[in-house]
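825 is the number that my numbering gives the last residue of the sequence shown; the numbers go up by one with no jumps.
In what follows, a single structure is set out as C-alpha coordinates and then discussed.
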Amino acid sequence: MAAYFTGVANACTSAIVSGKCTPDGRPLLWKNRDTGTLQNFVDRVSPSDSLSMAYVALFNAGDTLREQAWIGVNEASFAIMNTASYNLAPDTARVRDREGYVMARALGRCRTLADFEQLLDTLQRPLGVQANFGVVDASGQGAFYETCDTGYVRFLLSDSPTGVLIRTNFSVSGEPDGGYGYIRYNNAEHLAAPEAAARMLTPQFFTDTVSCSFYHSLYGYDVLENKDCPEWIVDQDFIPRHSTSASVVVVCRKDISDTREPVMWCALGYPPCAIAQACTVYNVAPGLQPCRRTGLAEACVESMKLKDKIFPVVRGSGQHYIDVAALKKINALCRKESYKNYVNFKLQ
(Lines of atoms letter the chains of each structure in order from A and count residues from 1; the text may use other names and numbers.)
(Lines give C-alpha, C1' and ligand atoms only; values in the text may rest on other atoms or scores of the structure.)
Protein backbone atom coordinates (compact mmCIF):
# COMPACT_ATOMS: atom_id res chain seq x y z
CA MET A 1 0.00 0.00 0.00
CA ALA A 2 2.93 2.32 0.52
CA ALA A 3 3.44 2.89 -3.20
CA TYR A 4 0.02 4.45 -3.54
CA PHE A 5 -0.59 6.31 -0.34
CA THR A 6 2.90 7.79 -0.12
CA GLY A 7 2.20 9.61 -3.37
CA VAL A 8 4.34 7.72 -5.89
CA ALA A 9 2.50 8.96 -8.96
CA ASN A 10 5.03 7.83 -11.57
CA ALA A 11 4.16 4.16 -11.07
CA CYS A 12 4.24 2.96 -14.66
CA THR A 13 3.99 -0.63 -15.89
CA SER A 14 5.76 -1.58 -19.12
CA ALA A 15 7.00 -4.36 -21.39
CA ILE A 16 9.05 -4.98 -24.48
CA VAL A 17 8.00 -7.97 -26.57
CA SER A 18 9.97 -10.03 -29.08
CA GLY A 19 8.50 -10.64 -32.51
CA LYS A 20 8.46 -14.35 -31.70
CA CYS A 21 5.55 -13.62 -29.33
CA THR A 22 3.37 -11.69 -31.79
CA PRO A 23 1.17 -12.93 -34.67
CA ASP A 24 2.96 -10.88 -37.34
CA GLY A 25 6.50 -11.16 -36.00
CA ARG A 26 6.76 -7.45 -35.17
CA PRO A 27 8.14 -6.54 -31.73
CA LEU A 28 6.12 -4.36 -29.37
CA LEU A 29 6.95 -1.71 -26.80
CA TRP A 30 4.21 -0.95 -24.24
CA LYS A 31 3.85 1.59 -21.46
CA ASN A 32 0.96 2.03 -19.05
CA ARG A 33 1.82 5.53 -17.90
CA ASP A 34 1.23 6.81 -14.37
CA THR A 35 2.01 10.42 -13.62
CA GLY A 36 1.05 13.48 -11.65
CA THR A 37 0.22 15.17 -14.99
CA LEU A 38 -2.95 13.40 -16.07
CA GLN A 39 -3.57 15.41 -19.23
CA ASN A 40 -1.27 14.38 -22.07
CA PHE A 41 -1.29 14.47 -25.85
CA VAL A 42 0.40 12.94 -28.90
CA ASP A 43 2.17 14.93 -31.57
CA ARG A 44 4.72 14.74 -34.37
CA VAL A 45 8.07 16.48 -34.01
CA SER A 46 9.81 17.45 -37.23
CA PRO A 47 13.58 17.17 -37.70
CA SER A 48 15.44 20.10 -36.16
CA ASP A 49 18.44 19.80 -38.50
CA SER A 50 19.94 17.56 -41.18
CA LEU A 51 21.17 15.05 -38.60
CA SER A 52 17.90 14.57 -36.73
CA MET A 53 14.76 12.55 -37.48
CA ALA A 54 11.03 13.07 -37.26
CA TYR A 55 9.19 11.24 -34.52
CA VAL A 56 5.82 10.89 -32.83
CA ALA A 57 5.55 10.83 -29.05
CA LEU A 58 3.44 11.31 -25.94
CA PHE A 59 3.88 14.65 -24.18
CA ASN A 60 2.54 16.31 -21.04
CA ALA A 61 -0.15 18.92 -21.60
CA GLY A 62 1.58 22.27 -21.36
CA ASP A 63 4.79 21.07 -22.99
CA THR A 64 4.43 23.52 -25.86
CA LEU A 65 8.05 23.07 -26.98
CA ARG A 66 7.76 19.26 -27.07
CA GLU A 67 10.86 19.00 -24.87
CA GLN A 68 10.01 15.87 -22.87
CA ALA A 69 8.83 12.69 -24.59
CA TRP A 70 7.38 9.88 -22.48
CA ILE A 71 7.05 7.17 -25.14
CA GLY A 72 7.54 7.43 -28.86
CA VAL A 73 8.95 6.14 -32.12
CA ASN A 74 10.90 7.82 -34.90
CA GLU A 75 11.02 7.41 -38.67
CA ALA A 76 13.87 4.88 -38.33
CA SER A 77 11.62 2.65 -36.17
CA PHE A 78 13.62 3.42 -33.04
CA ALA A 79 11.16 3.31 -30.13
CA ILE A 80 11.73 4.24 -26.50
CA MET A 81 9.84 4.60 -23.22
CA ASN A 82 10.65 4.55 -19.51
CA THR A 83 9.44 3.68 -16.07
CA ALA A 84 10.70 5.47 -12.97
CA SER A 85 12.90 3.31 -10.76
CA TYR A 86 13.08 3.70 -7.00
CA ASN A 87 15.83 1.29 -6.00
CA LEU A 88 18.80 2.61 -7.95
CA ALA A 89 21.41 5.01 -6.60
CA PRO A 90 19.67 8.13 -5.24
CA ASP A 91 19.21 11.26 -7.33
CA THR A 92 21.72 14.03 -6.90
CA ALA A 93 20.25 17.21 -5.47
CA ARG A 94 21.66 19.21 -8.38
CA VAL A 95 20.26 17.38 -11.42
CA ARG A 96 17.10 15.26 -11.55
CA ASP A 97 13.98 14.42 -13.58
CA ARG A 98 15.77 14.42 -16.94
CA GLU A 99 14.16 11.25 -18.31
CA GLY A 100 11.78 13.00 -20.71
CA TYR A 101 14.57 15.16 -22.12
CA VAL A 102 16.78 12.12 -22.68
CA MET A 103 14.01 10.29 -24.54
CA ALA A 104 13.20 13.30 -26.74
CA ARG A 105 16.85 13.57 -27.66
CA ALA A 106 17.10 9.84 -28.34
CA LEU A 107 14.04 9.92 -30.62
CA GLY A 108 15.53 12.75 -32.62
CA ARG A 109 18.98 11.19 -32.98
CA CYS A 110 19.06 7.42 -32.47
CA ARG A 111 18.52 4.61 -34.96
CA THR A 112 19.83 1.62 -33.03
CA LEU A 113 20.41 0.28 -29.54
CA ALA A 114 24.10 1.07 -30.08
CA ASP A 115 23.22 4.71 -30.83
CA PHE A 116 21.27 4.94 -27.59
CA GLU A 117 24.13 3.42 -25.63
CA GLN A 118 26.49 5.96 -27.16
CA LEU A 119 24.08 8.73 -26.16
CA LEU A 120 23.99 7.51 -22.56
CA ASP A 121 27.78 7.12 -22.55
CA THR A 122 28.41 10.66 -23.76
CA LEU A 123 25.76 12.68 -21.90
CA GLN A 124 27.12 14.91 -19.17
CA ARG A 125 27.21 13.42 -15.67
CA PRO A 126 25.23 13.32 -13.51
CA LEU A 127 22.58 12.13 -15.96
CA GLY A 128 19.72 13.21 -13.70
CA VAL A 129 17.73 10.03 -14.29
CA GLN A 130 16.54 7.05 -12.26
CA ALA A 131 14.80 4.93 -14.86
CA ASN A 132 14.29 1.72 -16.74
CA PHE A 133 14.51 2.79 -20.39
CA GLY A 134 12.89 0.31 -22.78
CA VAL A 135 14.18 0.44 -26.36
CA VAL A 136 13.41 -1.43 -29.60
CA ASP A 137 15.10 -0.67 -32.93
CA ALA A 138 14.50 -1.47 -36.61
CA SER A 139 16.48 -4.71 -36.41
CA GLY A 140 13.83 -6.08 -34.07
CA GLN A 141 16.25 -6.06 -31.16
CA GLY A 142 15.19 -4.69 -27.79
CA ALA A 143 16.60 -3.99 -24.35
CA PHE A 144 15.94 -2.39 -21.01
CA TYR A 145 18.58 0.00 -19.71
CA GLU A 146 18.41 0.37 -15.93
CA THR A 147 19.93 3.82 -15.68
CA CYS A 148 21.06 6.07 -12.84
CA ASP A 149 23.14 9.25 -12.63
CA THR A 150 26.43 7.53 -13.38
CA GLY A 151 25.67 4.70 -15.79
CA TYR A 152 23.41 1.84 -16.79
CA VAL A 153 22.95 -1.94 -16.84
CA ARG A 154 21.59 -3.48 -20.05
CA PHE A 155 19.11 -6.37 -20.23
CA LEU A 156 18.70 -7.70 -23.78
CA LEU A 157 15.30 -8.92 -24.94
CA SER A 158 17.03 -11.75 -26.81
CA ASP A 159 18.20 -13.15 -23.46
CA SER A 160 14.63 -13.52 -22.17
CA PRO A 161 13.46 -17.14 -22.38
CA THR A 162 9.84 -16.00 -22.73
CA GLY A 163 10.47 -13.26 -25.29
CA VAL A 164 9.04 -10.65 -22.92
CA LEU A 165 10.73 -8.24 -20.51
CA ILE A 166 8.57 -6.42 -17.96
CA ARG A 167 9.47 -3.45 -15.78
CA THR A 168 7.53 -1.48 -13.20
CA ASN A 169 9.16 0.75 -10.57
CA PHE A 170 12.12 -1.27 -9.45
CA SER A 171 15.27 -2.28 -11.28
CA VAL A 172 16.57 -5.84 -11.34
CA SER A 173 20.09 -4.47 -10.90
CA GLY A 174 19.06 -2.23 -8.00
CA GLU A 175 18.78 -2.74 -4.26
CA PRO A 176 17.00 -6.07 -3.56
CA ASP A 177 13.36 -5.62 -2.50
CA GLY A 178 13.62 -1.86 -3.01
CA GLY A 179 11.38 0.25 -5.19
CA TYR A 180 7.72 -0.31 -6.01
CA GLY A 181 5.44 -2.23 -8.34
CA TYR A 182 6.16 -5.86 -7.48
CA ILE A 183 2.48 -6.79 -7.48
CA ARG A 184 1.88 -4.95 -10.77
CA TYR A 185 4.91 -6.75 -12.23
CA ASN A 186 3.37 -10.10 -11.28
CA ASN A 187 -0.01 -8.97 -12.62
CA ALA A 188 1.48 -8.16 -16.02
CA GLU A 189 3.55 -11.33 -16.10
CA HIS A 190 0.49 -13.47 -15.31
CA LEU A 191 -1.61 -11.82 -18.01
CA ALA A 192 1.06 -11.85 -20.72
CA ALA A 193 2.54 -15.33 -20.23
CA PRO A 194 -0.14 -17.46 -21.96
CA GLU A 195 -0.49 -15.01 -24.85
CA ALA A 196 3.28 -14.90 -25.33
CA ALA A 197 3.49 -18.69 -25.42
CA ALA A 198 0.75 -18.74 -28.07
CA ARG A 199 2.39 -15.93 -30.11
CA MET A 200 -0.74 -13.84 -29.58
CA LEU A 201 0.58 -10.67 -27.93
CA THR A 202 -0.93 -7.71 -29.79
CA PRO A 203 -1.34 -3.96 -29.25
CA GLN A 204 -5.03 -4.53 -28.55
CA PHE A 205 -4.19 -7.07 -25.85
CA PHE A 206 -2.11 -4.47 -24.03
CA THR A 207 -4.39 -1.44 -24.37
CA ASP A 208 -7.72 -3.24 -23.94
CA THR A 209 -6.89 -6.19 -21.70
CA VAL A 210 -3.75 -5.62 -19.63
CA SER A 211 -4.28 -1.89 -19.08
CA CYS A 212 -7.94 -2.54 -18.22
CA SER A 213 -7.40 -5.60 -16.04
CA PHE A 214 -8.22 -5.79 -12.35
CA TYR A 215 -6.32 -9.01 -11.83
CA HIS A 216 -4.42 -8.91 -8.53
CA SER A 217 -1.58 -11.40 -8.13
CA LEU A 218 -1.88 -11.62 -4.33
CA TYR A 219 -5.57 -12.44 -4.60
CA GLY A 220 -4.96 -14.77 -7.53
CA TYR A 221 -7.98 -13.57 -9.51
CA ASP A 222 -9.54 -10.60 -11.29
CA VAL A 223 -11.70 -8.87 -8.70
CA LEU A 224 -14.26 -7.84 -11.33
CA GLU A 225 -14.79 -11.48 -12.29
CA ASN A 226 -15.26 -12.62 -8.70
CA LYS A 227 -18.91 -13.58 -8.13
CA ASP A 228 -18.72 -11.89 -4.72
CA CYS A 229 -17.29 -8.64 -6.12
CA PRO A 230 -18.51 -5.75 -3.93
CA GLU A 231 -20.10 -2.56 -5.22
CA TRP A 232 -16.90 -0.65 -4.43
CA ILE A 233 -13.26 -1.73 -4.68
CA VAL A 234 -10.09 -0.01 -3.48
CA ASP A 235 -7.76 1.23 -6.20
CA GLN A 236 -4.63 -0.54 -5.00
CA ASP A 237 -1.92 -2.44 -6.93
CA PHE A 238 -3.87 -2.94 -10.15
CA ILE A 239 -2.22 -2.04 -13.46
CA PRO A 240 -4.77 0.73 -14.19
CA ARG A 241 -4.54 3.28 -11.37
CA HIS A 242 -6.16 6.57 -10.49
CA SER A 243 -2.86 8.12 -11.60
CA THR A 244 -2.81 6.42 -15.03
CA SER A 245 -2.82 8.89 -17.92
CA ALA A 246 -2.37 6.63 -20.98
CA SER A 247 -1.69 3.18 -22.34
CA VAL A 248 0.52 3.28 -25.43
CA VAL A 249 1.91 0.47 -27.61
CA VAL A 250 4.46 0.89 -30.40
CA VAL A 251 4.44 -1.73 -33.15
CA CYS A 252 8.00 -1.76 -34.48
CA ARG A 253 9.55 -3.20 -37.63
CA LYS A 254 10.23 -6.93 -37.71
CA ASP A 255 13.79 -6.51 -38.99
CA ILE A 256 15.85 -4.28 -41.27
CA SER A 257 14.16 -5.71 -44.39
CA ASP A 258 10.71 -4.70 -43.11
CA THR A 259 9.55 -1.50 -44.84
CA ARG A 260 6.27 -1.12 -42.94
CA GLU A 261 5.79 2.04 -40.93
CA PRO A 262 5.94 1.71 -37.17
CA VAL A 263 2.52 2.31 -35.61
CA MET A 264 1.79 3.76 -32.18
CA TRP A 265 -1.56 2.83 -30.59
CA CYS A 266 -2.64 5.37 -27.98
CA ALA A 267 -5.39 5.09 -25.38
CA LEU A 268 -5.23 8.50 -23.73
CA GLY A 269 -6.59 8.99 -20.24
CA TYR A 270 -7.65 6.30 -17.77
CA PRO A 271 -7.42 3.10 -19.86
CA PRO A 272 -10.71 1.43 -18.77
CA CYS A 273 -12.55 4.47 -20.14
CA ALA A 274 -10.22 5.29 -23.03
CA ILE A 275 -10.46 4.41 -26.72
CA ALA A 276 -7.32 3.28 -28.55
CA GLN A 277 -6.40 5.16 -31.72
CA ALA A 278 -3.53 4.55 -34.13
CA CYS A 279 -0.96 7.10 -35.24
CA THR A 280 2.30 7.11 -37.17
CA VAL A 281 5.22 9.48 -37.52
CA TYR A 282 3.39 11.03 -40.47
CA ASN A 283 -0.23 10.90 -39.35
CA VAL A 284 -1.63 11.73 -35.91
CA ALA A 285 -5.39 11.67 -35.32
CA PRO A 286 -6.73 15.14 -34.41
CA GLY A 287 -8.28 13.83 -31.19
CA LEU A 288 -4.85 12.82 -29.92
CA GLN A 289 -3.28 16.19 -30.70
CA PRO A 290 -3.54 19.24 -28.43
CA CYS A 291 -6.33 21.70 -29.10
CA ARG A 292 -4.90 25.08 -30.13
CA ARG A 293 -7.15 26.89 -27.69
CA THR A 294 -6.79 24.70 -24.59
CA GLY A 295 -3.60 22.75 -25.22
CA LEU A 296 -5.46 19.56 -24.28
CA ALA A 297 -6.17 16.45 -26.36
CA GLU A 298 -9.88 15.79 -26.84
CA ALA A 299 -9.41 12.03 -26.38
CA CYS A 300 -7.76 12.54 -23.00
CA VAL A 301 -10.33 15.10 -21.85
CA GLU A 302 -13.23 12.80 -22.72
CA SER A 303 -11.63 9.84 -20.96
CA MET A 304 -11.09 11.88 -17.81
CA LYS A 305 -14.75 12.89 -17.79
CA LEU A 306 -15.73 9.22 -17.81
CA LYS A 307 -13.15 8.48 -15.14
CA ASP A 308 -14.95 10.92 -12.81
CA LYS A 309 -17.96 8.60 -12.98
CA ILE A 310 -15.81 5.63 -11.98
CA PHE A 311 -14.24 7.58 -9.09
CA PRO A 312 -17.29 9.64 -8.06
CA VAL A 313 -16.37 10.27 -4.41
CA VAL A 314 -14.29 13.45 -4.20
CA ARG A 315 -14.17 14.16 -0.46
CA GLY A 316 -11.79 12.61 2.01
CA SER A 317 -10.13 9.47 0.65
CA GLY A 318 -12.83 9.03 -1.98
CA GLN A 319 -10.41 8.99 -4.90
CA HIS A 320 -9.20 5.57 -3.77
CA TYR A 321 -12.62 3.95 -4.35
CA ILE A 322 -13.98 2.59 -7.63
CA ASP A 323 -17.70 2.31 -8.44
CA VAL A 324 -17.72 -1.21 -9.91
CA ALA A 325 -21.01 -0.90 -11.78
CA ALA A 326 -19.89 2.30 -13.50
CA LEU A 327 -16.50 0.77 -14.29
CA LYS A 328 -17.99 -2.31 -15.95
CA LYS A 329 -20.48 -0.32 -18.02
CA ILE A 330 -18.04 2.33 -19.23
CA ASN A 331 -15.23 -0.11 -19.88
CA ALA A 332 -17.48 -2.34 -22.01
CA LEU A 333 -18.57 0.60 -24.17
CA CYS A 334 -15.02 1.86 -24.66
CA ARG A 335 -13.70 -1.59 -25.52
CA LYS A 336 -16.29 -1.82 -28.32
CA GLU A 337 -15.06 1.46 -29.80
CA SER A 338 -11.42 0.42 -29.50
CA TYR A 339 -12.22 -2.87 -31.20
CA LYS A 340 -13.72 -0.99 -34.15
CA ASN A 341 -10.56 1.09 -34.49
CA TYR A 342 -8.32 -1.96 -34.47
CA VAL A 343 -10.45 -3.79 -37.03
CA ASN A 344 -10.79 -0.79 -39.34
CA PHE A 345 -7.07 -0.08 -39.18
CA LYS A 346 -6.28 -3.64 -40.24
CA LEU A 347 -8.56 -3.23 -43.26
CA GLN A 348 -6.77 -0.14 -44.53
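Every residue, glycine too, gets a C-beta built ideally from N, C-alpha and C.
Expressed to the nearest angstrom, what Euclidean distance is found between the alpha-carbon atoms of residue i and residue j?
i: residue 731; j: residue 794; result: 46 Å
i: residue 514; j: residue 632; result: 29 Å
i: residue 581; j: residue 547; result: 8 Å
i: residue 629; j: residue 689; result: 32 Å
i: residue 672; j: residue 681; result: 12 Å
i: residue 788; j: residue 778; result: 15 Å
i: residue 484; j: residue 657; result: Bear in mind that a pLDDT of 47 at residue 484, under 50, signals an unreliable position, so the model cannot answer this.
i: residue 761; j: residue 516; result: 17 Å
i: residue 519; j: residue 636; result: 32 Å
i: residue 609; j: residue 499; result: 23 Å
i: residue 800; j: residue 692; result: 16 Å
Could you give the residue range of the alpha helix (DSSP H) that holds residue i?
i: residue 583; result: 576-586
i: residue 704; result: Residue 704 -> no alpha helix (DSSP H), and no H or E assigned at all.
Could you tell me how far apart the beta carbons of residue i and residue j are, in whole angstroms, since I believe they sit closer than 8 Å?
i: residue 868; j: residue 722; result: Lying outside 478 to 825, the shown extent of the chain, residue 868 is not represented and no answer is given.
i: residue 684; j: residue 753; result: 4 Å
Buried or exposed: residue i, going by 16 or more other Cβ atoms within 10 Å of its Cβ?
i: residue 733; result: exposed
i: residue 696; result: exposed
i: residue 679; result: buried
i: residue 724; result: buried
i: residue 638; result: exposed
i: residue 491; result: buried
i: residue 782; result: exposed
i: residue 845; result: With the chain represented from 478 up to 825, any question about residue 845 goes unanswered, as that position is not in the structure.
i: residue 791; result: exposed
i: residue 821; result: exposed
Taking the beta strand (DSSP E) that residue i falls in, what are its first and last residues?
i: residue 508; result: 505-511
i: residue 599; result: Where residue 599 is concerned, there is no enclosing beta strand (DSSP E), although the alpha helix (DSSP H) it sits in stretches over 590-599.
i: residue 845; result: This structure does not reach residue 845, given that the chain is present from 478 up to 825, and the question cannot be answered.
i: residue 559; result: 556-561
i: residue 722; result: 721-728
i: residue 682; result: Careful: residue 682 lies outside any beta strand (DSSP E), inside the alpha helix (DSSP H) at 680-685.
i: residue 760; result: It is not in any beta strand (DSSP E) - residue 760 carries neither H nor E in the DSSP assignment.
i: residue 800; result: 798-800
Are the Cβ atoms of residue i and residue j separated by less than 8 Å?
i: residue 649; j: residue 506; result: no
i: residue 596; j: residue 586; result: yes
i: residue 647; j: residue 720; result: no
i: residue 764; j: residue 774; result: yes
i: residue 557; j: residue 528; result: no
i: residue 503; j: residue 758; result: no
i: residue 807; j: residue 749; result: yes
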